[in-house]
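**Q** Mind looking over this structure? Questions follow.
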Amino acid sequence: MNDGYDAGHGDDQYELVGYDEYGRPVYRQAQGHAQPGHQQQYDPYAQQQGQQYGQPGQQYGQQQYGQQGYGYDPYATGSQQPVQQPYDPYGSQGGYDTGQQPAQPPYDPYGRAATSGPQPRVAEQTAHIPQQAGPPGEREHTDHPGAAEPGGDYRTEQFAFVEEPTGDSEDVIDWMKFTENRTERREEARRRARSRIVALVVVLALVAVGGVGYLWYAGKLPGLSSSDDKSGGTTTAGAQKRDVIAVHLHDTKGGGTSTALLVNNTTTKQGTAVLVPNALALTGDDGSTTTLAKSVDDEGPDATRTALDSALGTDIEGTWRLDTPYLQILVDLVGNIDVDTDADVPDPESKDKGAGPLVHKGEGQTLSGKMAVAYATYRGKGEDANAQLQRFGQVMQGVLRKMSSDPQGATTTVQTLGLILDPPLTEKDLGTFLAGLSDRAKGGDFKTALLPVQDGGGLSAEASDSVVKDVLGGTAKSPDKDAAVSVFVRNATGEEDRTGKARVVLLNGGFTFVSGGTASGTETASKVVYAEAADKENAVQVAKTLGLPTDAVSQGKVSANARVSVVLGQDYKPAS
-19 MNDGYDAGHG DDQYELVGYD EYGRPVYRQA QGHAQPGHQQ QYDPYAQQQG QQYGQPGQQY
41 GQQQYGQQGY GYDPYATGSQ QPVQQPYDPY GSQGGYDTGQ QPAQPPYDPY GRAATSGPQP
101 RVAEQTAHIP QQAGPPGERE HTDHPGAAEP GGDYRTEQFA FVEEPTGDSE DVIDWMKFTE
161 NRTERREEAR RRARSRIVAL VVVLALVAVG GVGYLWYAGK LPGLSSSDDK SGGTTTAGAQ
221 KRDVIAVHLH DTKGGGTSTA LLVNNTTTKQ GTAVLVPNAL ALTGDDGSTT TLAKSVDDEG
281 PDATRTALDS ALGTDIEGTW RLDTPYLQIL VDLVGNIDVD TDADVPDPES KDKGAGPLVH
341 KGEGQTLSGK MAVAYATYRG KGEDANAQLQ RFGQVMQGVL RKMSSDPQGA TTTVQTLGLI
401 LDPPLTEKDL GTFLAGLSDR AKGGDFKTAL LPVQDGGGLS AEASDSVVKD VLGGTAKSPD
461 KDAAVSVFVR NATGEEDRTG KARVVLLNGG FTFVSGGTAS GTETASKVVY AEAADKENAV
521 QVAKTLGLPT DAVSQGKVSA NARVSVVLGQ DYKPAS
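Structural data, given as structure tokens:
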């Protein structure tokens, strides 16, 4: 057998002599090939040693392994031991030369020479163990070159580590983490979706409740509106909250005044400028009859406000006296105004008759302070007084559109004007009020309305209801039970002095007189009308006070600012 460990020898140089304790075959040199006693056997891995071994006659139990007698010992230490005679299972004692031979260094599978001394070897130093695969149970321990024999020292390079599939393990861990993270993300997404759905449902519910509440508050729900009210919408209109301020424009150069009631209906979110003609008949504290224009000039703001409340059934919170110089400053402060003018207005200060108009007729005309004053006070030849009043209303609406909607900003504007306001109105109150109306005007929820007044200064029951009831809420003011009953009187006798005589009689009878002016025609029979059943007895007392028959009393529609209405006919005969 030609072995890589013993190159150059034939296959018949070795013979099997047995197996070691690990089950590996043990060979020895055939007898016919014994070498002379001092001839050294060729070994490609051997190195010269200074001593030869071989002591025959040792017992089997004391046998030790030499360098090549049992195989080879790559972990040889430096000590030298006598070579023991190999065990012979066949009991042969001779046939081969056991003479001294040079010692050979231990075999190093990595080709390195041992630096230590020779190791004990079997007596049969020529015995050789070719490289063969070990038993199946031991292959995994001896496949690596240089694996240590049992009982020997170990080195790092002698171990063959099994490569663990770390990459696969990490992939599995990563996959588990990915799966876990994806599951958590899905659960989180579901939770967020559920939260959003719940929030959306809550918001929709709140919006629905708020919408219904607003419709109920505004009286717009079916069955609760004024159109469905048996009393014709009186209760609904009366329940609305209104803030009212009277504005008197004083023309310091041309003379005269113009009055408007600024109304902010906080219930319906509507703003209105009610234009009140100067011809409106008012009753003073002493029962005397006067007009609005005379009351503003002669009686002052407090008395005029009280008279207006009595005539219209309103609750005016304050009076704003606005002279034309202050109006000019106000328009300039807000940065000019835009008005759809209905006439060419000349410059009142121009002495040139051929000069062009200061204000041109047309839509969207930009007016400065001076131009706004000229337009608000202008009344053309042959025009009705209400034409000038409506121009004043246009200017006020234009100012409100340019006013600040912030209460603080509007208050600053009022303070800049330097007005001296009539108590109880203050600069802060006026600024806050104007800011609210400015918000209405900018949103398109502001309008002007002309209060219809007859020639005699009275209010027509049919014509004034749309303004007094709906805008001013005049019927909302219910007099106290102990308060004097207000009586609206219209003269249809054909004689003007009958109105004054009726006023005196009623005031002496403890009633409040409200002038209804003079009718365009005459009536034969007088009429006394009450609206509420509770006022039937009051109507009867009014008829008796005026000397009218009780059969003239009937239930019907009365003026908005009175509890009893009287139409004086030709049958009315005042006492002398």
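Per my numbering, the very first residue in the sequence shown carries number -19; after that it's consecutive. Even for Gly, the Cβ is constructed at its ideal location relative to N, Cα and C.
#1: With a floor of 4 residues, list each alpha helix (DSSP H) that falls wholly inside the stretch 416 to 504, ordered by position along the chain.
#2: Select from L262, S330, L307 and D289 the residue whose C-alpha is nearest the C-alpha of G373.
#3: Grab me the residues of G474's own chain with a C-beta within less than 6 Å of its C-beta, minus the 5 sequence neighbours each way, in chain order.
#4: Does the beta-carbon distance from Y510 to V494 come in below 9 Å?
#5: Which residue marks the beginning of the beta strand (DSSP E) containing N244, and which one marks its end?
#6: Would you kindly work out how many angstroms separate the C-alpha atoms of K233 and V353, rounded to a whole number?
#7: DSSP beta-bridge partners for E(-5)?
#8: In angstroms, rounded to a whole number, what distance separates the CA positions of E407 and A421?
#9: Check whether the Cβ atoms of N245 and T252 sit closer than 9 Å, and answer yes or no.
#10: What's the gap between the Cα of E279 and the Cα of R470?
#11: So, with DSSP's three-state summary, where would you put T294?
#12: Given V467, which residues of its chain have a CB within under 7 Å of its CB, disregarding the five upstream and five downstream residues?
#13: For V375, which option in A219, S238, L401 and Q388 has the closest C-alpha, if you only look at C-alpha atoms?
#14: Using the DSSP secondary-structure output, state which residues sit across from V227 in a beta bridge.
#15: Rounded to whole angstroms, what's the CA-CA distance from A583 to R176? Just pull it up for me.
#16: With C-beta atoms as the reference, is T479 less than 9 Å away from T269?
#17: In the structure shown, what three-state DSSP assignment does Q20 receive?
#18: Just tell me which of M383, E512, L431 and L528 has its CA closest to the CA of Q370.
#19: With 16 as the cutoff for other CB atoms within 10 Å, does N518 come out buried or exposed?
#20: In chain order, what residues of the same chain have a beta carbon less than 6 Å from the beta carbon of R222, not counting five sequence neighbours either side?
#21: Within 10 angstroms of its Cβ, does H228 collect 16 or more other Cβ (buried), or is it exposed?
#22: If we count Cβ pairs, one from each stretch, closer than 8 Å, do we get three or more for the stretch 382 to 392 versus the stretch 292 to 301?
#23: Can you tell which of L310, D312, V311 and G342 has its C-alpha closest to the C-alpha of A323?
#24: Mapping DSSP to helix, strand and coil, what is V538?
#25: Tell me the rounded alpha-carbon separation between K333 and P326.
#26: Check each candidate in A283, V178, L405 and T294 and name the one with the smallest Cα separation from V254.
#27: Measuring alpha carbon to alpha carbon, tell me which residue in A335, H340 and P328 is nearest V319.
#28: Alpha helix (DSSP H) containing T525: first to last residue?
#29: Restricting to Cα atoms, I'd like to know which of E512, N488, Q434 and D450 is closest to T248.
#30: Would G349 pass as a contact of I309 if the rule is Cβ separation under 9 Å?
#31: Between which two residues does the beta strand (DSSP E) containing T252 stretch?
#32: Below 6 Å CB to CB, which residues in the same chain sit around A499 once its five sequence neighbours on both sides are set aside?
#33: What is the C-beta distance between G497 and A261, in whole angstroms, given that I count them as a contact (C-beta under 8 Å)?
#34: Measuring straight from C-alpha to C-alpha, what distance separates G527 and P281?
#35: For a test of the three-state rule: what should DSSP assign to E343, helix, strand or coil?
**A** Quick look at the numbers:
#1: As far as the stretch 416 to 504 is concerned, its whole alpha helix (DSSP H) runs of at least 4 residues are 441 to 444 and 477 to 488.
#2: Closest by alpha carbon: L307.
#3: The beta carbon of G474 sits closer than 6 Å to those of T502, all from its chain and outside the five residues before and after it, given in chain order.
#4: Against a cut-off of 9 Å, the Cβ pair of V494 and Y510 comes out as no contact.
#5: Unbroken beta strand (DSSP E) run through N244: T237 to N245.
#6: Across the structure, K233 and V353 are spaced so that their CA atoms are roughly 11 Å apart.
#7: DSSP lists R8 as partners of E(-5).
#8: Taking the straight line from one Cα to the other gives about 21 Å.
#9: In terms of Cβ geometry, N245 and T252 form a close pair [threshold 9 Å].
#10: The alpha-carbon of E279 is positioned some 24 Å away from that of R470.
#11: Note: T294 maps to coil in three-state DSSP.
#12: Same-chain partners within the cutoff: L486, F491, T492, F493, V494, V522, A542, V544 and V546.
#13: Taking only the C-alpha atoms, the option nearest V375 is S238.
#14: Residue pairing by DSSP puts V227 in a beta bridge opposite A240 and W300.
#15: Examination of residue 583 is not possible in this model, given that the chain is present from -19 through 556 alone.
#16: By the CB criterion at 9 Å, T479 and T269 fall inside the cutoff.
#17: For Q20, the predicted model reports a pLDDT of 44, less than 50, meaning its position is unreliable and no value from the coordinates is stated.
#18: For Q370, the nearest C-alpha among the options comes from L431.
#19: Its Cβ being crowded by 16 or more others within 10 Å, N518 is buried.
#20: If we look at R222 and ignore the five residues flanking it on each side, its Cβ neighbours are V243, N245 and G453.
#21: Buried, since its Cβ has 16 or more Cβ neighbours within 10 Å.
#22: The stretch 382 to 392 is not in contact with the stretch 292 to 301.
#23: Nearest C-alpha to A323: G342.
#24: Here V538 sits in coil by DSSP.
#25: So the two alpha carbons sit approximately 9 Å from each other.
#26: The residue with the shortest Cα to Cα distance from V254 is T294.
#27: Considering only alpha carbons, the answer is H340.
#28: First-last of the alpha helix (DSSP H) with T525: K516 to L526.
#29: The shortest C-alpha separation from T248 is found at D450.
#30: Contact flag set, yes.
#31: Note, T252: beta strand (DSSP E), Q250 to V256.
#32: So the qualifying residues of the chain are R470 and A472.
#33: Rounded to the nearest angstrom, the Cβ distance from G497 to A261 is 6 Å, consistent with a contact under 8 Å.
#34: Each residue's Cα considered, the two are about 36 Å apart.
#35: In this structure, E343 counts as strand in the three-state DSSP scheme.
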